[in-house]
Amino acid sequence: MRRDVFQAISDPVRRDIIGLLAEQTLSVNLVAEKFDVSRPAISKHLKILEECGIIVIHKQGRERFCQIQPKNLIPAFLWIDQYRNLWEEKLDSFEDYLIKLQSKNKKDE
-12 MRRDVFQAIS DPVRRDIIGL LAEQTLSVNL VAEKFDVSRP AISKHLKILE ECGIIVIHKQ
48 GRERFCQIQP KNLIPAFLWI DQYRNLWEEK LDSFEDYLIK LQSKNKKDE
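Oh and the sequence shown: position 34 is 21 in the working numbering, straight run, nothing missing.
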């Protein structure tokens, strides 16, 4: 099965794992300790992240360490970024609405 970055980030646990590994390289055991799911479930999430190229897992002695490959998140960033202007406009419009509402409420007091 061919996996891509969008499949990797579609799951909240995988997004949390990406967040952890963005801060530092961690062993598989340390990653698993951070979650209230089974070790096999974390291993499956790590395998998907590895297949998508988001992380690499390398052995060091008996331990396996997970390291993020942030450049492989670029396709997702670029896809999301194309909608930034749309959301900024919506948020600006919402902010304007809230300001008008506040000033109306102050007048009514």
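Heads up, the beta-carbon is just placed ideally off N, CA and C, and yes, glycines get one too.
With H, G and I counted as helix, E and B as strand and the rest as coil, what does DSSP make of residue i?
i	result
V(-8)	helix
R49	coil
S80	helix
E96	coil
D100	Lying outside -12 to 96, the shown extent of the chain, residue 100 is not represented and no answer is given.
D3	helix
According to DSSP, what are the bridge partners of residue i?
i	result
Q89	DSSP lists no partner for Q89.
I55	I42
D14	This sequence places Ser at residue 14; Asp is not what is there. Its beta-bridge partners are F52.
Look at residue i and residue j and say whether their C-beta atoms are less than 8 Å apart.
i	j	result
R1	L36	yes
I5	I55	yes
H32	D(-9)	no
F117	L13	Examination of residue 117 is not possible in this model, given that the chain is present from -12 through 96 alone.
L8	K21	no
Return the chain-ordered ranges of every beta strand (DSSP E) run that is complete within the region 17 to 48 and spans a minimum of 3 residues.
42 to 47
Meets three-Cβ-pair contact criterion under 8 Å: the region 57 to 72 and the region 39 to 49
yes
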